[in-house]
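Residue numbers (our numbering), protein chains in the order written: chain B, 3 to 313; chain X, 3 to 313; chain W, 3 to 313. Worksheet for the structure shown next.
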Amino acid sequence: MKHYSSITEVAHPNELLDLAIACKADPYHQSDLGRHKTVGLLFFNPSLRTRLSTQKAAQNLGMQVLSMDVSSHGWKLEFESGVIMNSDKAEHIKEAAAVVSQYCDIIGVRCFPGLTNREKDYSEQVLSAFMKYASVPIINLESATSHPLQGLADWMTIKEHTEKERPKIVLSWAPHPKALPQSVANSFVKYMDVAGVDLTITHPPGYELAPEIAKGFKVNHDQATAMQEADFIYAKNWSSYTEYGQVLSQDPNWMITPEKLGDAFFMHCLPVRRNVVVSDAVLDSPQSLVIKQANNRTFAAQAAMISLLKA
Amino acid sequence: MKHYSSITEVAHPNELLDLAIACKADPYHQSDLGRHKTVGLLFFNPSLRTRLSTQKAAQNLGMQVLSMDVSSHGWKLEFESGVIMNSDKAEHIKEAAAVVSQYCDIIGVRCFPGLTNREKDYSEQVLSAFMKYASVPIINLESATSHPLQGLADWMTIKEHTEKERPKIVLSWAPHPKALPQSVANSFVKYMDVAGVDLTITHPPGYELAPEIAKGFKVNHDQATAMQEADFIYAKNWSSYTEYGQVLSQDPNWMITPEKLGDAFFMHCLPVRRNVVVSDAVLDSPQSLVIKQANNRTFAAQAAMISLLKA
Amino acid sequence: MKHYSSITEVAHPNELLDLAIACKADPYHQSDLGRHKTVGLLFFNPSLRTRLSTQKAAQNLGMQVLSMDVSSHGWKLEFESGVIMNSDKAEHIKEAAAVVSQYCDIIGVRCFPGLTNREKDYSEQVLSAFMKYASVPIINLESATSHPLQGLADWMTIKEHTEKERPKIVLSWAPHPKALPQSVANSFVKYMDVAGVDLTITHPPGYELAPEIAKGFKVNHDQATAMQEADFIYAKNWSSYTEYGQVLSQDPNWMITPEKLGDAFFMHCLPVRRNVVVSDAVLDSPQSLVIKQANNRTFAAQAAMISLLKA
Numbered sequence: 003m004k005h006y007s008s009i010t011e012v013a014h015p016n017e018l019l020d021l022a023i024a025c026k027a028d029p030y031h032q033s034d035l036g037r038h039k040t041v042g043l044l045f046f047n048p049s050l051r052t053r054l055s056t057q058k059a060a061q062n063l064g065m066q067v068l069s070m071d072v073s074s075h076g077w078k079l080e081f082e083s084g085v086i087m088n089s090d091k092a093e094h095i096k097e098a099a100a101v102v103s104q105y106c107d108i109i110g111v112r113c114f115p116g117l118t119n120r121e122k123d124y125s126e127q128v129l130s131a132f133m134k135y136a137s138v139p140i141i142n143l144e145s146a147t148s149h150p151l152q153g154l155a156d157w158m159t160i161k162e163h164t165e166k167e168r169p170k171i172v173l174s175w176a177p178h179p180k181a182l183p184q185s186v187a188n189s190f191v192k193y194m195d196v197a198g199v200d201l202t203i204t205h206p207p208g209y210e211l212a213p214e215i216a217k218g219f220k221v222n223h224d225q226a227t228a229m230q231e232a233d234f235i236y237a238k239n240w241s242s243y244t245e246y247g248q249v250l251s252q253d254p255n256w257m258i259t260p261e262k263l264g265d266a267f268f269m270h271c272l273p274v275r276r277n278v279v280v281s282d283a284v285l286d287s288p289q290s291l292v293i294k295q296a297n298n299r300t301f302a303a304q305a306a307m308i309s310l311l312k313a
Numbered sequence: 003m004k005h006y007s008s009i010t011e012v013a014h015p016n017e018l019l020d021l022a023i024a025c026k027a028d029p030y031h032q033s034d035l036g037r038h039k040t041v042g043l044l045f046f047n048p049s050l051r052t053r054l055s056t057q058k059a060a061q062n063l064g065m066q067v068l069s070m071d072v073s074s075h076g077w078k079l080e081f082e083s084g085v086i087m088n089s090d091k092a093e094h095i096k097e098a099a100a101v102v103s104q105y106c107d108i109i110g111v112r113c114f115p116g117l118t119n120r121e122k123d124y125s126e127q128v129l130s131a132f133m134k135y136a137s138v139p140i141i142n143l144e145s146a147t148s149h150p151l152q153g154l155a156d157w158m159t160i161k162e163h164t165e166k167e168r169p170k171i172v173l174s175w176a177p178h179p180k181a182l183p184q185s186v187a188n189s190f191v192k193y194m195d196v197a198g199v200d201l202t203i204t205h206p207p208g209y210e211l212a213p214e215i216a217k218g219f220k221v222n223h224d225q226a227t228a229m230q231e232a233d234f235i236y237a238k239n240w241s242s243y244t245e246y247g248q249v250l251s252q253d254p255n256w257m258i259t260p261e262k263l264g265d266a267f268f269m270h271c272l273p274v275r276r277n278v279v280v281s282d283a284v285l286d287s288p289q290s291l292v293i294k295q296a297n298n299r300t301f302a303a304q305a306a307m308i309s310l311l312k313a
Numbered sequence: 003m004k005h006y007s008s009i010t011e012v013a014h015p016n017e018l019l020d021l022a023i024a025c026k027a028d029p030y031h032q033s034d035l036g037r038h039k040t041v042g043l044l045f046f047n048p049s050l051r052t053r054l055s056t057q058k059a060a061q062n063l064g065m066q067v068l069s070m071d072v073s074s075h076g077w078k079l080e081f082e083s084g085v086i087m088n089s090d091k092a093e094h095i096k097e098a099a100a101v102v103s104q105y106c107d108i109i110g111v112r113c114f115p116g117l118t119n120r121e122k123d124y125s126e127q128v129l130s131a132f133m134k135y136a137s138v139p140i141i142n143l144e145s146a147t148s149h150p151l152q153g154l155a156d157w158m159t160i161k162e163h164t165e166k167e168r169p170k171i172v173l174s175w176a177p178h179p180k181a182l183p184q185s186v187a188n189s190f191v192k193y194m195d196v197a198g199v200d201l202t203i204t205h206p207p208g209y210e211l212a213p214e215i216a217k218g219f220k221v222n223h224d225q226a227t228a229m230q231e232a233d234f235i236y237a238k239n240w241s242s243y244t245e246y247g248q249v250l251s252q253d254p255n256w257m258i259t260p261e262k263l264g265d266a267f268f269m270h271c272l273p274v275r276r277n278v279v280v281s282d283a284v285l286d287s288p289q290s291l292v293i294k295q296a297n298n299r300t301f302a303a304q305a306a307m308i309s310l311l312k313a
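Spelled out as structure tokens, the structure:
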């Protein structure tokens with residue numbers, strides 16, 4: 003593959019999954035692949051898991067890491083074409099991406115959506131600009147609308163916890179005090195589509211995901227019914243797509259509790275707000291897979307980087 | 003030892019000291035020990051010496067380093083149990099510590115006290131939470147009430163500069179414009195206790211250290227008398243323990259000067275305010291050991307990490 | 003050489019240039035030189051190219067890197083001698099430089115001018131203090147008045163694009179909304195002096211560079227005449243030296259356009275404001291060398307570090 007910006011670029015997702023599993027089994031089996039190779043990690047937004055797991059993955063491959071918090075270490079970048087740059091933006095993405103490409107063999111980019119302009123966010127302005135102007139592969143460290151390293155780690159975690167060919171998976175919206183992106187939910191749905199699981203999405207009315215994401219999947223506004231006999235419950239908050247970026251509900255009845263979970267496994271991408279998104283009792287139970295999901299982030303990143311280095 | 007959170011966990015402090023001295027003699031004699039090992043350094047507060055010397059120590063051992071300024075690179079963490087996390091804290095320490103444990107073989111944590119709630123600070127909420135919820139050893143990079151890497155480096159520096167079995171050491175409070183923690187003073191006293199030196203503590207009334215720290219040591223409110231015939235003067239400001247976190251005095255008469263120093267060596271953990279804590283003439287004299295103390299921080303950290311990796 | 007603070011310290015500039023070219027031809031030909039060596043990079047100001055290219059250069063040599071954003075990761079430093087440090091500056095450069103010297107084999111420092119006090123800026127207070135108080139070589143990552151890594155990379159880029167013994171080079175002032183340092187222009191002129199090219203400087207009246215920099219070079223206030231038959235046009239904004247730090251003109255007629263460029267190559271150190279300093283059409287043309295200049299920064303830094311390690 004040329005970039006790892008979304009699962010769409012992955013010709014053989016099952017091979018990528020197998021590679022991630024192989025990396026977990028032996029993290030250092032390709033520790034010479036990254037010799038004299040450098041990955042640049044550009045953060046436009048905060049990061050804990052992504053920052054550490056992607057560095058760890060690079061180090062497992064013997065790669066060097068150049069990490070930069072763009073806004074605090076550098077300056078604002080301009081992404082529009084043809085403008086007269088006399089405001090607060092000191093450099094154009096055309097130069098920045100081309101320059102960083104010369105120091106790095108792969109560039110990772112994290113840039114969240116503004117959540118005010120849906121068209122702009124779903125055009126993936128920042129990520130697309132890097133793909134357009136960089137001369138090396140781009141790896142998506144969570145963009146405006148997708149988080150494919152999380153999606154791959156999630157798929158891997160599900161594989162590790164069921165023998166079923168077609169487990170029942172429920173993606174449930176959950177309450178949150180702030181407006182959050184749809185990126186994790188979008189990537190989870192796309193990966194579950196590829197995985198061929200029995201996926202149900204449940205959320206209050208008004209929280210429909212983008213039509214191109216949700217199409218073909220069961221959507222149920224009744225959480226309890228949706229969750230019946232689920233093997234895995236994936237909880238996640240997102241703000242409204244239709245009333246873009248709005249928090250339409252903070253209804254605490256949508257919080258995941260042990261009663262709702264039943265015998266299912268619990269999943270979440272983290273960070274998670276305890277007793278808002280999910281109760282302590284769920285997170286502290288052995289049914290919670292959230293720490294394992296985070297661990298698998300390393301191997302998802304490692305598999306993606308191997309694929310890009312070998313492409 | 004399981005963690006290096008304070009000297010209390012060190013079963014054989016003399017062996018740790020010897021190891022630090024051995025690391026200084028040959029910094030690379032265990033440069034394979036850290037192969038495929040990673041230390042995560044989490045900074046909740048600013049750091050220069052600790053940041054650089056701990057990284058240097060890890061590199062001397064061949065370890066990878068993942069360094070993170072938690073508040074600027076990530077988000078606020080919740081340390082209380084059972085709360086409904088709907089305020090400004092995005093992640094609970096339970097998840098954060100468990101997740102980072104998967105990327106790291108050792109986690110270093112620096113978190114200063116708030117200096118408003120003594121009970122809370124002396125419970126070492128943050129450091130304790132990491133020890134409780136992480137699954138790997140924790141190394142204290144200066145906590146609310148102790149700074150054991152500094153204490154070990156200080157002991158090492160004293161050893162290098164005297165042949166005496168029982169040198170006379172004076173820990174002197176010194177003025178400072180801001181309220182500072184008691185952590186360095188606490189760890190210095192604990193290490194001097196183990197070292198079996200002749201320790202005198204001198205400070206203005208109201209600056210008594212915690213009873214469990216100071217017990218058994220000579221305390222003298224008259225700085226001049228206390229310092230007579232000292233071999234080493236260790237200056238440090240701290241805010242009041244009894245009137246917790248208060249600056250009760252900024253009396254410039256407590257500043258260390260060449261007259262007070264006499265033939266003694268001068269020590270301080272740095273950063274130091276020149277001509278407030280200590281005069282230029284002392285710091286610029288050959289009797290000042292402050293730069294050597296800072297150098298020994300690397301080898302103290304290296305010894306602690308070796309001990310944790312081999313535990 | 004002892005330091006790489008400016009070209010003045012370089013006894014044999016042509017050898018340094020040849021070394022940089024050799025590093026580009028084979029970046030890893032001295033990858034053992036940096037074994038068990040550490041470079042500390044101290045940033046008092048933002049940086050993208052310098053941050054990444056200098057790290058990359060160090061990694062090419064097998065060196066460890068300790069990178070620190072002084073103001074956000076640490077605290078304010080005092081540079082004046084003899085002061086009573088009871089304000090907001092927590093550490094004196096004397097201690098900071100001496101301490102960091104113990105963790106590093108080379109220290110890189112980036113510190114921009116204040117642009118309010120010319121005498122202070124041109125005394126290079128910060129860089130000079132590091133050279134005075136550090137016990138290891140200092141490498142200038144852009145100081146108040148010079149940017150010698152950029153100068154070397156620029157010379158290298160010119161060498162790669164002409165066979166002429168004495169190409170005609172024009173350094174043109176260009177408009178910018180903010181007050182910028184003279185550092186890049188100063189270093190470019192100094193390197194061009196060494197290179198023995200035919201240099202013309204063009205700028206509006208009031209933008210004369212420091213007399214010790216500009217002396218002996220042709221200065222022309224008419225941009226069009228100055229640029230005639232140029233082989234290379236180097237555009238750069240700087241604020242006034244005579245009316246120190248002032249923006250005397252933002253005249254858009256000084257922007258570089260294809261008409262002005264003619265057949266010449268275009269150079270700029272980046273970051274560049276598109277359609278303010280230079281038009282899109284120039285930057286997007288094959289005559290633009292700006293991306294190549296940035297790439298050469300890695301090899302300029304590598305050559306400087308090799309020279310310092312071998313000194």
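All residues carry an ideal CB built from backbone N, CA and C; glycine is no exception. Predicted model, so just to flag it, every value in this text is computed and none were measured.
{"Item": "What residue range does the beta strand (DSSP E) around residue 2 of chain X cover?", "Value": "Any question about residue 2 of chain X goes unanswered here, given that chain X covers just 3 to 313."}
{"Item": "Return the chain-ordered list of same chain residues with a C-beta closer than 6 Å to the C-beta of residue 80 of chain W, the five sequence neighbours on each side being excluded.", "Value": "87, 91, 94"}
{"Item": "For the region 18 to 46 of chain W, enumerate the residues whose C-beta is nearer than 9 Å to any C-beta of chain X, in chain order.", "Value": "38, 40, 42"}
{"Item": "Going along chain X, which residues have a C-beta under 9 Å from residue 100 of chain W?", "Value": "292, 293, 296"}
{"Item": "Taking a contact to mean a Cβ-Cβ separation below 7 Å, would you say residue 12 of chain W touches residue 21 of chain W in this structure?", "Value": "no"}
{"Item": "With DSSP collapsed to three states, give me the class of residue 129 of chain X.", "Value": "helix"}
{"Item": "Can you give me the C-alpha to C-alpha distance between residue 7 of chain X and residue 194 of chain X, rounded to a whole angstrom?", "Value": "17 Å"}
{"Item": "Quick check on residue 196 of chain B: does DSSP put it in helix, strand or coil?", "Value": "helix"}
{"Item": "Would you kindly work out how many angstroms separate the C-alpha atoms of residue 270 of chain B and residue 111 of chain X, rounded to a whole number?", "Value": "26 Å"}
{"Item": "Do you know whose CA, among W:123, W:149, W:232, W:192, lies nearest residue 168 of chain W's CA?", "Value": "W:232"}
{"Item": "Should residue 62 of chain B be labelled buried (16 or more other beta-carbon atoms within 10 Å of its own) or exposed?", "Value": "buried"}
{"Item": "Give the C-beta separation of residue 35 of chain X and residue 139 of chain X to the nearest angstrom, bearing in mind that I take them to be a contact with Cβ-Cβ under 8 Å.", "Value": "Wrong, their Cβ atoms sit about 14 Å apart, outside the cutoff."}
{"Item": "Just to confirm, are residue 303 of chain W and residue 56 of chain W a CB contact at a threshold of 7 Å?", "Value": "yes"}
{"Item": "Please go through the region 100 to 188 of chain W and give each complete beta strand (DSSP E) segment of 3 or more residues, from N-terminal end onward.", "Value": "108 to 112, 140 to 142, 170 to 175"}
{"Item": "Would you kindly work out how many angstroms separate the C-alpha atoms of residue 295 of chain W and residue 24 of chain W, rounded to a whole number?", "Value": "16 Å"}
{"Item": "Can you list, in chain order, the residues of its chain with a C-beta nearer than 8 Å to that of residue 308 of chain B? Leave out the 5 residues immediately preceding and following it.", "Value": "21, 25, 32, 35, 63"}
{"Item": "Rounded to the nearest angstrom, what separates residue 1 of chain W and residue 59 of chain X at their Cα positions?", "Value": "Outside the modelled stretch of chain W, which goes from 3 to 313, sits residue 1 of chain W, for which no answer is possible."}
{"Item": "Inspect the CB distances between the region 161 to 177 of chain W and the region 119 to 137 of chain W and report whether three or more fall short of 8 Å.", "Value": "no"}
{"Item": "In whole angstroms, what separates the C-alpha of residue 272 of chain W from that of residue 292 of chain W?", "Value": "7 Å"}
{"Item": "Measuring only the C-alpha atoms, how far is residue 241 of chain W from residue 213 of chain B?", "Value": "53 Å"}
{"Item": "Starting from residue 286 of chain X, follow its DSSP beta bridges and name the residues at the other end.", "Value": "Paired residues: none, contrary to the question."}
{"Item": "Which chain W residues sit within Cβ distance under 7 Å of residue 66 of chain B?", "Value": "61"}
{"Item": "What residue from X:158, X:252, X:275, X:39 has the CA that sits closest to residue 29 of chain B's CA?", "Value": "X:39"}
{"Item": "Please list the segments of the alpha helix (DSSP H) lying wholly inside the region 232 to 302 of chain B, counting only runs of 4 or more residues, in order along the chain.", "Value": "260 to 263, 282 to 285"}
{"Item": "Residue range of the beta strand (DSSP E) that residue 71 of chain W falls in?", "Value": "66 to 71"}
{"Item": "Do you know how far the Cα of residue 154 of chain B is from the Cα of residue 216 of chain B?", "Value": "18 Å"}
{"Item": "Applying the criterion that 16 or more other CB atoms from any shown protein chain within 10 Å of the CB defines a buried residue, is residue 52 of chain X buried or exposed?", "Value": "buried"}
{"Item": "Going along the region 302 to 313 of chain X in order, which residues come within less than 8 Å of chain B, judged by CB to CB distance?", "Value": "none"}
{"Item": "Please compile the residues from chain X whose C-beta is within a distance smaller than 7 Å of the C-beta of residue 86 of chain W.", "Value": "277, 278"}
{"Item": "Could you tell me which of B:43, B:221, B:171, B:145 sits nearest to residue 199 of chain B, measuring between CA atoms?", "Value": "B:171"}
{"Item": "Counting only beta-carbon atoms, is residue 230 of chain W nearer than 7 Å to chain X?", "Value": "no"}
{"Item": "Taking the continuous beta strand (DSSP E) assigned at residue 40 of chain W, which residues delimit it?", "Value": "40 to 45"}
{"Item": "Residue 51 of chain B touches chain X at which residues, Cβ-Cβ below 8 Å?", "Value": "101"}
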